[in-house]
Amino acid sequence: MMQLTRREAMALVSAGPGAARQQAPKLTEETPAQLLENARNRLRRNIEALSKVKLPASAEPAFQFRAS
Numbered sequence: 207m208m209q210l211t212r213r214e215a216m217a218l219v220s221a222g223p224g225a226a227r228q229q230a231p232k233l234t235e236e237t238p239a240q241l242l243e244n245a246r247n248r249l250r251r252n253i254e255a256l257s258k259v260k261l262p263a264s265a266e267p268a269f270q271f272r273a274s
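My numbering applies: residue 207 is where the sequence shown begins, and numbers increase by one.
This is the structure we're talking about:
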């Protein structure tokens with residue numbers, strides 16, 4: 207049986223099963239236009255998800271701007 211210290215055991219556990227595997231490189235690189243479109247799509251999805259959350263005005267903190 208292998209003897210491990212607690213720190214070594216935690217390092218192995220926290221590394222997870224995919225730590226030893228390397229990600230395969232992408233076969234095709236995305237063009238700047240594709241990157242922009244993907245970013246816009248993610249933004250739209252995030253806006254839609256946030257719009258579904260109902261937040262009462264009382265949950266917002268009070269804000270006062272004071273110029274010094």
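For each residue, glycine too, the CB sits at the ideal point set by N, CA and C. Small disclaimer: the values here were computed from a predicted structure and weren't measured.
query	result
Just reading off the alpha helix (DSSP H) that Ala221 is part of, what are its end residues?	Arg212 to Ala221
Just curious, the alpha helix (DSSP H) that Ala255 is in, first and last residue?	Pro238 to Ser257
Any idea what DSSP makes of Ala273, helix, strand or coil?	coil
Roughly how many angstroms lie between the CA atoms of Phe271 and Pro262, to the nearest whole one?	22 Å
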